[in-house]
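Chemist: Protein sequences, first through last, are from chains A and B.
Heads up, the first sequence is in the working numbering, so the first residue is 1 and it goes up one at a time.
Heads up, the second sequence is in the working numbering, so the first residue is 1001 and it goes up one at a time.
2 protein chains.
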Amino acid sequence: MTNLALKEPFNREKQFTAKRRAVILAAGQAFRRQGYHNASMTKIAANLGLTKAALYYYIHNKEEVLYECHLMAYDAMDEILKAKHDGATALDKLEALYVDFVNMLTASGVSLLTDVNSLGEENKADVLARRGKIERKIIRLVKDGQKDGSIRAGDARLHVFFFMGALNWLNAWYDASGRLKGEDIAAHFALQMRAGIRS
Amino acid sequence: MTNLALKEPFNREKQFTAKRRAVILAAGQAFRRQGYHNASMTKIAANLGLTKAALYYYIHNKEEVLYECHLMAYDAMDEILKAKHDGATALDKLEALYVDFVNMLTASGVSLLTDVNSLGEENKADVLARRGKIERKIIRLVKDGQKDGSIRAGDARLHVFFFMGALNWLNAWYDASGRLKGEDIAAHFALQMRAGIRS
DNA sequence: CATAAATTTGACTCTTGAGTCAAATTTATT
DNA sequence: AATAAATTTGACTCAAGAGTCAAATTTATG
């Protein structure tokens, strides 16, 4: 009986999906660094050693790629949110969550893009809904913290918008090849986040 | 002797400069809300009750407008930084500064745009230099605070990047017509900023 | 009113980059 | 090797939006 695991690299569908994913990640990097409209499909293709026409074998259009970039980020955040987080208080949970967020954003090629307005109405609504869901979960957690006494009073939404800003801004300045290591940033940010809202 | 002050509204040069400023502010709003490339000059003109061709009577090109939008924001921040800020400790000064920043961003039509990469090399370098100068001043202030004991230890740059993120993210969600008043946001953010870095 | 300066416009041009497609090439299968 | 399927390409089309310009219109001035 043939070993299916060894066959995987030769599995056509898997190959395709893997390449498609690589395309989207590469595009995401370009979008993050240069902005959606400044990153041309031709250049993105060239960076992958391909032609633009070849790119379009894996994707339908540029907007779809942007859309999927957003989804990948929110999928990753959902995954982190889903995981059971340790910590007695909501504040502890929030901190653990935040560490994971920063680590995810610095370690994986995934990033939180800001260019939502380059999406068509449909996709834009979708992405904003996803973001909203995540925000609401975090706001809920903050409110829990205000109940269990670990987080100080104040507009929970503002509490969240404040430290989520740091996360979004990360994409603008973080450079994986820089001297700051992802884990250090995560530790620092988590501390600062926590201090900012603890009671 | 004629009253010069009363003449001002009829002063040609002043009229021109005022209109030009209005054009740049309107464009800035559009850039903030839709992104630089999604905001067409034609639409910006239409919003002002003008034609695209008329816009170009006041400006040289679109990039120049983006450039000036950035400069306006950094000018405003420089102005705030220049003002002597009260407060015994560096932390107090920083807080006063931060309140002014938020108030400026919510009250004036000026905003911190993120689309630096849509600028040509020259202008981009200029804008990044301006941003760098401001960041360095704030980092310096944080270091002062670490010396005078008001701010806790840690990478001063990271301290700053964290709470400057909130400022940049503001542009993405703040809506002047929303229920949150600028001053309230300023007060909340200042508190959270301070708590995040005080020793 | 006549003249000149300032302002605005319609109708263009030009560039850039997204997206297409039939044909060529590579890779796998019998 | 022959065949078929998957992948890549060169050479295109097409649309959108920036920027121009001569002519029209408005505004101020003697």
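Don't be surprised by glycine CBs; every beta carbon is placed ideally from N, CA and C.
Over what stretch of residues does the alpha helix (DSSP H) that includes A:D75 continue unbroken?
Modeler: Walking along the first sequence from the start, residue 75 of chain A turns up at place 75. K62 to K82 is the extent of the alpha helix (DSSP H) around A:D75.
Chemist: Is DSSP giving B:I1185 helix, strand or coil here?
Modeler: Translated into the one-based positions of the second sequence, residue 1185 of chain B becomes position 185. Residue state, collapsed to three classes: helix.
Chemist: What separation, rounded to the nearest whole angstrom, lies between the Cα atoms of A:S199 and A:G145?
Modeler: Counting from one through the first sequence, the residue named residue 199 of chain A turns up at place 199. Counting from one through the first sequence, the residue named residue 145 of chain A turns up at place 145. A:S199 and A:G145: Cα-Cα distance of roughly 9 Å.
Chemist: Could you tell me whether the stretch 44-61 of chain A touches the stretch 82-95 of chain A, where touching means 3 or more Cβ pairs closer than 8 Å?
Modeler: no
Chemist: Closest to B:I1024 by C-alpha separation, out of B:K1062, B:A1046 and B:G1035, would be which residue?
Modeler: For the purposes of this step, residue 1024 of chain B is taken as residue 24 along the second sequence, with counting starting at 1. Nearest C-alpha to B:I1024: B:K1062.
Chemist: Does A:R179 come out as helix, strand or coil in the three-state DSSP assignment?
Modeler: Here residue 179 of chain A is taken as the residue at index 179 of the first sequence, counted from 1. Reduced to three states, the DSSP call for A:R179 is coil.
Chemist: Run through chain A and tell me which residues come within less than 8 Å of B:N1047, C-beta to C-beta.
Modeler: Translated into the one-based positions of the second sequence, residue 1047 of chain B becomes position 47. Within chain A, no C-beta atom comes less than 8 Å from the C-beta of B:N1047; the nearest is roughly 16 Å away.
Chemist: Taking 9 Å as the CB-CB limit, is B:V1023 close to chain A?
Modeler: In the second sequence, the residue the question calls residue 1023 of chain B occupies position 23. Not an interface residue.
Chemist: Consider the Cβ of B:M1001: report whether some Cβ of chain A lies at a distance smaller than 9 Å.
Modeler: Against the second sequence, residue 1001 of chain B aligns to sequence position 1. Low confidence applies here, because B:M1001 scores a pLDDT of 34, under 50, leaving its location unreliable and the question unanswered by this model.
Chemist: Is the separation between the beta-carbon of A:M104 and that of A:E135 shorter than 9 Å?
Modeler: Sequence index remark: in the first sequence, residue 104 of chain A carries index 104 (1-based). Sequence index remark: in the first sequence, residue 135 of chain A carries index 135 (1-based). Not a contact, by the Cβ cut-off of 9 Å.
Chemist: Out of A:A172, A:A83 and A:T17, which has the shortest C-alpha to C-alpha gap to B:T1114?
Modeler: Your numbering for residue 1114 of chain B matches position 114 in the second sequence. B:T1114 has its Cα closest to that of A:A172, out of A:A172, A:A83 and A:T17.
Chemist: Which chain A residues are close to B:N1038, counting only those with a beta carbon under 7 Å from its beta carbon?
Modeler: Position 38 of the second sequence, counted from the first residue, corresponds to residue 1038 of chain B. Listed along chain A, the residues sitting closer than 7 Å to B:N1038 by beta-carbon distance are N117 and S118.
Chemist: Would B:V1160 and B:I1139 qualify as a contact pair, given that the criterion is a beta-carbon distance under 9 Å?
Modeler: The residue given as residue 1160 of chain B occupies position 160 in the second sequence. The residue given as residue 1139 of chain B occupies position 139 in the second sequence. Yes, the pair counts as a contact, with Cβ atoms nearer than the cut-off.
Chemist: At a CB distance below 8 Å, what residues from the stretch 63-89 of chain A approach chain B? Give them in sequence order.
Modeler: none
Chemist: For B:I1151, which residues does DSSP report across the bridge?
Modeler: Residue mapping note: residue 1151 of chain B aligns to position 151 of the second sequence, counting from 1. Per DSSP, B:R1198.
Chemist: Under the three-state reduction of DSSP, which class applies to B:E1013: helix, strand or coil?
Modeler: Along the second sequence, one-based indexing puts residue 1013 of chain B at 13. For B:E1013, the three-state secondary structure derived from DSSP is helix.
Chemist: Would you list, in chain order, the members of the stretch 163-179 of chain A that have their beta-carbon closer than 8 Å to a beta-carbon of chain B?
Modeler: F163, M164, G165, A166, L167, N168, W169, L170, A172 and W173
Chemist: From A:Q34, A:H60, A:R33 and A:A27, pick the residue whose C-alpha is nearest to that of A:A46; which is it?
Modeler: Start at 1 with the first residue of the first sequence, and residue 46 of chain A comes out as number 46. For the residues A:Q34, A:H60, A:R33 and A:A27, the minimum Cα distance to A:A46 belongs to A:A27.
Chemist: Here's the rule: buried if 16 or more other CB atoms are within 10 angstroms of the residue's CB, otherwise exposed. What is A:R194?
Modeler: Within the first sequence, the letter at position 194 stands for residue 194 of chain A. By the neighbour-count rule (16 or more Cβ atoms within 10 Å), A:R194 is buried.
Chemist: Looking at the C-beta of A:I59, does it have a partner C-beta in chain B at a distance below 9 Å?
Modeler: The residue you call residue 59 of chain A lines up with position 59 of the first sequence. Not closer than 9 Å to any Cβ of chain B, the Cβ of A:I59 fails to qualify, so no.
Chemist: Run through chain B and tell me which residues come within less than 7 Å of A:D155, C-beta to C-beta.
Modeler: Indexing the first sequence from 1 puts residue 155 of chain A at position 155. Neighbours of A:D155 on chain B, chain order: H1188.
Chemist: Alpha carbon to alpha carbon, what distance is there between B:R1157 and A:L180?
Modeler: As a position in the first sequence, residue 180 of chain A is number 180, starting the count at 1. As a position in the second sequence, residue 1157 of chain B is number 157, starting the count at 1. Rounded to the nearest angstrom, the two C-alpha atoms are 11 Å apart.
Chemist: For B:N1117 and B:V1127, I'd like the C-alpha separation in whole angstroms.
Modeler: As a working mapping, residue 1117 of chain B is identified with position 117 in the second sequence. As a working mapping, residue 1127 of chain B is identified with position 127 in the second sequence. Cα-Cα distance, rounded: 10 Å.
Chemist: What do you get for A:H60, buried or exposed, if any count of 16 or more other CB atoms within 10 angstroms of its CB means buried?
Modeler: Here residue 60 of chain A is taken as the residue at index 60 of the first sequence, counted from 1. With fewer than 16 other Cβ atoms within 10 Å, it is exposed.
Chemist: Rounded to the nearest angstrom, how far is the Cβ of B:F1162 from that of A:Q192, given a contact under 8 Å?
Modeler: Residue 1162 of chain B sits at position 162 when you count from the first residue of the second sequence. Residue 192 of chain A sits at position 192 when you count from the first residue of the first sequence. Correct: roughly 5 Å between the Cβ atoms.
Chemist: Buried or exposed: where does A:T42 fall if 16 or more other Cβ atoms within 10 Å of its Cβ makes it buried?
Modeler: As a first step, residue 42 of chain A must be located in the first sequence, where it is residue number 42. With fewer than 16 Cβ atoms within 10 Å of its Cβ, A:T42 is classed as exposed.
Chemist: Using a cut-off of 9 Å between C-beta atoms, extract the partners of B:L1158 located in chain A.
Modeler: Taking the first residue of the second sequence as position 1, residue 1158 of chain B is located at position 158. Neighbours of B:L1158 on chain A, chain order: L180, D184, I185, H188, F189 and Q192.
Chemist: For chain B, is any of its Cβ atoms less than 9 Å away from the one on A:G145?
Modeler: Taking the first residue of the first sequence as 1, we reach residue 145 of chain A at position 145. A:G145 does not count as touching chain B.
Chemist: Let me know the secondary structure DSSP gives B:A1090 once reduced to three states.
Modeler: Taking the first residue of the second sequence as position 1, residue 1090 of chain B is located at position 90. It is helical.
Chemist: Is it buried or exposed for A:E68, if we count other Cβ within 10 angstroms and need 16 for buried?
Modeler: Taking the first residue of the first sequence as position 1, residue 68 of chain A is located at position 68. Burial call: buried.
Chemist: Can you list, in chain order, the residues of its chain whose CB lies under 7 Å from that of B:H1070, leaving out five sequence neighbours each side?
Modeler: Here residue 1070 of chain B corresponds to residue number 70 of the second sequence, with the count starting at 1. Same-chain partners within the cutoff: L1113 and V1127.
Chemist: Identify, in the order they occur along the chain, each residue of the same chain with its Cβ nearer than 7 Å to the Cβ of A:F31, setting aside the five sequence neighbours on each side.
Modeler: To locate residue 31 of chain A, count along the first sequence from 1; it is residue 31. Here the set comprises A39, L66, C69, L113 and D115.
Chemist: What are the boundary residues of the alpha helix (DSSP H) that A:H159 is part of?
Modeler: Within the first sequence, numbered from 1, the residue matching residue 159 of chain A stands at position 159. Note, A:H159: alpha helix (DSSP H), A156 to W173.
Chemist: So which of A:K124, A:R21 and A:Y98 has the shortest CA-CA distance to A:W58?
Modeler: The residue given as residue 58 of chain A occupies position 58 in the first sequence. Here residue 58 of chain A turns out to be Tyr, not Trp, going by the sequence shown. Answer by Cα proximity: A:R21.
Chemist: Report, in whole angstroms, the separation of the C-beta atoms of A:V110 and A:A190, which I expect to be a contact under 8 Å.
Modeler: Along the first sequence, read from residue 1 onward, the residue named residue 110 of chain A stands at position 110. Along the first sequence, read from residue 1 onward, the residue named residue 190 of chain A stands at position 190. With 8 Å as the limit, A:V110 and A:A190 do not qualify as a contact, their Cβ atoms being about 19 Å apart.
Chemist: Distance, Cα to Cα, A:K19 vs A:I44?
Modeler: As a working mapping, residue 19 of chain A is identified with position 19 in the first sequence. As a working mapping, residue 44 of chain A is identified with position 44 in the first sequence. In this model, A:K19 and A:I44 are separated by some 14 Å (Cα to Cα).
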